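Read the structure below first, then the notes.
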Amino acid sequence: MTWSAAARGAHQPDNTAFTQQRLPAWQPLLSASIALPLFFCAGLAFIGLGLGLFYSSNGIKELEYDYTGTAGTGGCSACALADRGRAPPPPCSCAWHFSLAELFPGPVYLYYELTNFYQNNRRYSVSRDDAQLSGLPSALRHPANECAPYQRRASGLPIAPCGAIANSLFNDSFSLWHRRRAGGPYVEVPLDRTGIAWWTDCHVKFRNPPLVNGSLALAFHGTAPPPNWPRPVYALSPDPNNTGFVNQDFVVWMRTAALPTFRKLYARIRQGNYSAGLPRGSYVVNITYNYPVRAFGGRKLVVLSNISWMGGKNPFLGIAYLAVGSLCILVGFVMLVVYIRYQDQNDEDEDEE
Amino acid sequence: MNSERDSETTFEEDSQPNDEVVPYSDDETEDELEDQGPAVEPEQNRVNREAEEQREPPRKDCTWQVKANDRSFHEQPHFMNTKFFCIKESKYANNAIKTYKYNAFSFLPMNLFEQFKRAANFYFLILLILQAIPQISTLAWYTTLFPLLVVLGITAMKDLVDDVARHKMDNEINNRTCEVIKDGRFKVTKWKEIQVGDIIRLKKNDFIPADILLLSSSEPNSLCYVETAELDGETNLKFKMALEITHQYLQRENALTTFDGFIECEEPNNRLDKFTGTLFWRNTSFPLDADKILLRGCVIRNTDFCHGMVIFAGADTKIMKNSGKTRFKRTKIDYLMNYMVYTIFVVLILVSAGLAIGHAYWEAQIGNNSWYLYDGEDYTPSYRGFLNFWGYIIILNTMVPISLYVSVEVIRLGQSYFINWDLQITTTLNEQLGQIHYIFSDKTGTLTQNIMTFKKCCINGQIYGDHRDASQNNHSKIEPVDFSWNMFADGKLAFYDHYLIEQIHSGKESEVRQFFFLLAVCHTVMVDRIDGQLNYQAASPDEGALVSAARNFGFAFLARTQNTITISELGTERTYDVLAILDFNSDRKRMSIIVRTPEGNIRLYCKGADTVIYERLHQMSPTKQETQDALDIFASETLRTLCLCYKEIEEKEYEEWNKKFMAASIASTNRDEALDKVYEEIEKDLILLGATAIEDKLQDGVPETISKLAKADIKIWVLTGDKKETAENIGFACELLTEDTTICYGEDINALLHTRMENQRNRGGVYAKFAPPVHEPFFPSCENRALIITGSWLNEILLEKKTKRSKILKLKFPRTEEERRMRTQSKRRLEARKEQRQKNFVDLACECSAVICCRVTPKQKAMVVDLVKRYKKAITLAIGDGANDVNMIKTAHIGVGISGQEGMQAVMSSDYSFAQFRYLQRLLLVHGRWSYIRMCKFLRYFFYKNFAFTLVHFWYSFFNGYSAQTAYEDWFITLYNVLYSSLPVLLMGLLDQDVSDKLSLRFPGLYVVGQRDLLFNYKKFFVSLVHGILTSMILFFIPLGAYLQTVGQDGEAPSDYQSFAVTIASALIITVNFQIGLDTSYWTFVNAFSIFGSIALYFGIMFDFHSAGIHVLFPSAFQFTGTASNALRQPYIWLTIILTVAVCLLPVVAIRFLSMTIWPSESDKCPSLKAKHVPKAAFLQNSKFMASLA
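In order, the protein sequences belong to chains P and U.
Reminder that position 244 of the first sequence reads as 244 in the UniProt record's numbering, one-by-one numbering, no gaps.
Reminder that position 132 of the second sequence reads as 132 in the UniProt record's numbering, one-by-one numbering, no gaps.
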């Protein structure tokens, strides 16, 4: 920092550090004393994290069952045969039998998984009306144009909820039964179907329209359900807090997936005897098979899984961290060697000068 | 073939060029004679056309008619021009001027129109329109509109501020007042109401409101003094003089009101120094010239009042005609940048097309079978692909950076402020300053101070001026001459030759007194007395120095009227009648004055350049040889010389000549040529008196600057009108040439070029120009060489010579078809030869470390610059101070004007201007270099960040059926370029410095990066793009892997689109902002603040946009409600972001570290040098230099 002390004329600019481009500055050179420790520290830290993630992921138990019903897989083939075309297929049910030799530690979550289902297709994902879903009465009667062709029924009635996403609501249902001993009775495992969506979704983003005379049905009077729906939106669930636009199955479905293969939470198992997990024994999942996926080559799976601090089972991140960490250490050594070699050479050069 | 070559050789071997003469006036090069039409135009046509031009009516150009005191005259129908449709307007402009562009109503539409004329803005307008089509709209309407509005808004604000300033200025000027005759008397009138033909009265220190004809003034002979600073920057007074007749009859108000003179003159034009017209009054015609015209913009000085008649008003005035459109220069990087934007545009179209095909295929395979995607339209897959093409054009539009051009403007503006704060210069070609290869410098006033001091003289063959006492003995140290005996001495002259004073006093040699008398009488200096002291105002510093010298030696010029001049000769005052002043101009290179002494003798005194004087000397003139020797000595001491001579004229001879002179001076066409001819007749058979030698000192720091610039591998060419010897000596003085330099002169070069041409011809002739160029040096070794070449040699070498033979040829008609073909062919061959020769010359000259061209005309200066520009494709800079440098300043990529003694013309036409040559090193080595590095880093980063951002959409396409789904929230796309990533890069573009100013000056070698385009070229551009592409891959695929199967921490909504978008966006913002941190080599708190500020701003805005409150207000516009808080609560997502950022940045760190260790660049080495090797003294010295600069 040199401050020139020369006298300046009246029209000359101020001699400030800024105007003379002499602001105090740090010139962060990638010197060896910064770069090498950075790589070694980062490498060690990443390996540590990677190990943690890897073991957490490995500790997670997961059971999944493909019930699409392609030829030869389980009991759902019969139902799958009925799955043709776009019209809702006739109701059908099938089951998935499995047994646990030891405790499946809880809390256990029940997911359904769809593959080859493009919820992230732009055409599909814009086909909704967030104003309607937030309970605005005006939007309820006048759904947004994006919802077309599920904006209005042929009769002119506005569709609530409008749009392709709502229309394609996943409508298979599951129930889980447990038998402790061979030959014993099957006991239904209680499935907690609430609290499966984000709090913000159920309380901020999705709101029912104001009740009319205390009745949700009246509030939806003058609207029609989407064509694929067998019941109107206010009858999605008998629970008054879980019906209409805030029905949690519906809210979960409406939060569209990022990728064409996705899982969505169906229920938690955390009540009664099952709060610690699923005890050993044999189980059966009864599936009501409604949802058609075979037309577009999709698959349907039902998944039981527990989670850890990092979420569900996913070895990718742990392995990635381990790989990146090891590479850091390796590159660190390469840099060290190169640095030592060229440092000597440069010193020699300078000595020669 | 043989005969052809013969003719060419003879053509070439005309008489050897003369080193001493400046080739010819600028207007007569063969080029201009030839280039009047296309090169292959048949001779017949040209001859016809030339004949036509000859036949033009002599008064054709005098179509501007003005009648005094008669406004209705100018409204006659034949003076009306049709403007649009049938609205007619007088061809005479009124005096209101309008420099503003917009008014309150037209601002918005006109400004928008102007802005949309720029390709980039127009492109975004098209995008906006595309977005409005519902079938293909893939982004919300605001994503393009908002950045576009910001960009347009910033530009519009700037234009608005500029225009408001212009409005204010115009108003101020239009409402100035002066007195105009109305209804028979003078009335105070606003300027804007003045019209052509009005008679106006101006008082002392008034600005002149229009171009007016001076009718009379309060001074004797109706002289009127004006200051022309606003026109040409010269602060000395000039005098104008009214016609005798108007002076006599038009002094009083009532005479002026009845004045009904009629003027015919040339149409309005922009030549400040020329005017031809005729006044018709009282049935007589009087010639009018520029001496009788007062131009708008000048100020009346030393004259109580004057009267004039308006000839040109408002927009027709010469000053307004001169304020033409300024030439728009673009930098090399501008061109490069445009090409890159086009490249990106092509990539955009290709990528969109590819993805569109992908979509069509996907639709056919999957989309058509997916019942949930049914949208009620029965489009075929290929039609959907077509729609998606446009959709992808929209979402990938950010590849072509919208804010690039505005950001570049902002950075240039900021950089020029910084340069201005340091050197007081402003303009916007900054980064080009870091790429200069060749500097073309004027000598006088640029390398030297242009403050002239009388140093030596040669009178009658005897040299005076060395350190001598009165008895001719040389002493090395002696007191300066005491001038106190002379009451007019100004005490500023330091002269050491006491013998000269002795000679003046003794009067033994009459030539000595004659010599100084000539200096006192032969000039155009104006004098005024301030507090009894004489004060000279000279048009050129040379002349001022000579007149002052004469004054100090006892011959003081006291006063001048139109016809007389008064001199104090050693105390006795004598008044001489001035019979004629034969003006100086750059062609004549001399001026003469014819005076009648009180005794009645008529004498002509003449001073001028030695070459022109020697041609006109009497054969018997004495001391020719001695004076020539003296001139050579003076030249070798880098002094500027002039020869003085006189001649006695017989009364009869004068009478005869005077008649011709009078006739020529009222000629209405080609008056100047006629006058020159008449002057030539009397300026002959002169008797040589002696020569003066004036010193023009080198400016401070010139040698240091030149050696610094040379170390920076900048080649310096000096182009000067001076003599070869003077130029050579200046070359040594400023260390451009040193003892061990081998100097090549014109002859050597000619020989070398000749051999080269022969070789080339043997190798395939001039037609082989498409063959790969051979790079063989002209000189064997790399020893230090310099080239000194005169203007005549330059013409000879470049075949620019005017050949009489070709002129004669022109007049002959080609008789047969055959002949015509032959002629065009030979002409074409000549062209090719010329080109080859020019190229060879440039190659040769560029092998020399220094080139000095002397005796060159302004046009040749420009030609040399153009040659280097053309054949070397290098960035050139021309620096000069005088009007003769304007051509070259305008030709070079960058023109620098030195604001010195010679007026403002060079400064006006330059891109940069400052006061001294030595500032050039700071301008180039510090500011130019910084600007270049900053701009390059900025551009590289800009392309990188937009690619990293945009291509994520591309990778995502493979997972969403090529459906033009965006990978980010719309609001993020809207704000990314405007808010989240703009400030740090702008600040880096303004503040970054790889090494400090002191080190940049100390190690000029750092400059070469710019000359070699090392920091921004197509390679660097593609590296940036690849970096961007890889970053976008990492940004997409690591989160993809993490999201493939994942489940949230509490089992909820495991892998939704919105969380995915937030994860990628957060990783992107952190990555690009940290990347700019890595790129920044000069971290100030401002940089740190902007980088962390941008990241913080991103999170702040995101949490706001995802909040409940804003969703309640605008449920459809903000759809990501709750995503940020839910997603960023998960450690898993943070771990994903950290891994992504690390994988993006760590390789960059490693590569930078390794390349810096293995191949350190010059500037990488610098800071370590600073620490180890720089002695403290150098530091101190440098800071002193900085202080003196500041």
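Built from N, CA and C at the ideal position, the CB exists for glycine as well.
Note that the structure is a prediction, hence the values are computed from the model and not measured.
Less than 8 Å between the CB atoms is what I'm expecting for residue i and residue j, so what's the real figure, rounded?
i                         : j                       : result
valine 864 of chain U     : cysteine 846 of chain U : Contact doesn't hold; Cβ gap of about 12 Å is too wide.
isoleucine 797 of chain U : serine 441 of chain U   : Not a contact, Cβ separation roughly 21 Å.
alanine 95 of chain P     : valine 212 of chain P   : That belief does not hold up - the Cβ atoms of alanine 95 of chain P and valine 212 of chain P are roughly 42 Å apart, past 8 Å.
asparagine 205 of chain U : alanine 96 of chain U   : With 8 Å as the limit, asparagine 205 of chain U and alanine 96 of chain U do not qualify as a contact, their Cβ atoms being about 23 Å apart.
glycine 59 of chain P     : tyrosine 274 of chain P : Not quite, the Cβ-Cβ distance comes to about 20 Å (not below 8 Å), so this is no contact.
aspartate 130 of chain P  : cysteine 147 of chain P : At roughly 11 Å, the Cβ-Cβ gap does not stay under 8 Å, so aspartate 130 of chain P and cysteine 147 of chain P are not in contact.
Which residues in chain U have a C-beta closer than 8 Å to the C-beta of residue i? List them in chain order.
i                       : result
residue 354 of chain P  : Residue 354 of chain P lies beyond the range of chain P shown here (1 to 353); nothing can be said about it.
tyrosine 109 of chain P : Val1047, Gly1051
What residues of chain P sit near residue i, judged by a beta carbon separation below 9 Å?
i                          : result
isoleucine 1038 of chain U : Phe316, Leu317, Ala320
Taking 7 Å as the limit between beta carbons, can you name the residues of its chain near residue i, skipping five residues before and five after?
i                            : result
alanine 630 of chain U       : Cys458, Ile463, Ala691
valine 1086 of chain U       : Leu987, Leu991
phenylalanine 667 of chain U : According to the sequence shown, residue 667 of chain U is alanine rather than phenylalanine. Excluding sequence neighbours, alanine 667 of chain U sits near Ala674.
threonine 1123 of chain U    : Gln1058, Ser1059, Val1062, His1106
Going along chain U in order, which residues have a C-beta closer than 7 Å to the C-beta of residue i?
i                       : result
arginine 268 of chain P : Gly1051
Using a Cβ-Cβ distance under 9 Å, would residue i count as near chain U?
i                         : result
arginine 86 of chain P    : For arginine 86 of chain P, the pLDDT reaches just 48, beneath the cut-off of 50, and the residue's location in the model is therefore unreliable, although a value from the coordinates is still provided. With 9 Å as the cut-off, arginine 86 of chain P counts as an interface residue toward chain U.
cysteine 94 of chain P    : no
isoleucine 196 of chain P : yes
threonine 261 of chain P  : yes
cysteine 79 of chain P    : no
isoleucine 307 of chain P : yes
Does any residue of chain P bring its CB to less than 9 Å from the CB of residue i?
i                         : result
valine 1047 of chain U    : yes
asparagine 460 of chain U : no
leucine 518 of chain U    : no
proline 984 of chain U    : no
proline 1004 of chain U   : no
alanine 545 of chain U    : no
histidine 1111 of chain U : yes
tryptophan 930 of chain U : yes
leucine 355 of chain U    : no
Taking buried to mean at least 16 other C-beta atoms within 10 Å of its own C-beta, is residue i buried or exposed?
i                         : result
valine 337 of chain P     : exposed
glutamate 53 of chain U   : Reliability fails at glutamate 53 of chain U, whose pLDDT of 46 lies under 50, so the model's placement of it is uncertain and the value that follows must be treated cautiously. Exposed, because fewer than 16 other Cβ atoms sit within 10 Å of the Cβ of glutamate 53 of chain U.
histidine 97 of chain P   : exposed
threonine 16 of chain P   : exposed
isoleucine 126 of chain U : exposed
tyrosine 605 of chain U   : buried
lysine 659 of chain U     : exposed
methionine 320 of chain U : buried
By Cβ distance below 8 Å, which residues in the same chain neighbour residue i in space, the five residues on each side in sequence not counted?
i                       : result
leucine 1035 of chain U : Ala948, Val952, Ile1064, Ala1067, Leu1068, Thr1071, Thr1140, Cys1144
Which chain P residues sit within Cβ distance under 8 Å of residue i?
i                         : result
arginine 1152 of chain U  : Leu30
serine 382 of chain U     : Simply none; closest approach about 16 Å.
isoleucine 366 of chain U : Asn116, Tyr118, Phe296, Gly297
Residues of chain P with CB closer than 7 Å to the CB of residue i, please, in chain order.
i                      : result
serine 1081 of chain U : Gln27
valine 1143 of chain U : Val324
Could you name the residues of the same chain whose beta carbon sits closer than 6 Å to that of residue i, not counting the 5 residues immediately before and after it, in chain order?
i                         : result
isoleucine 501 of chain U : Val481
glycine 608 of chain U    : Lys589, Arg590
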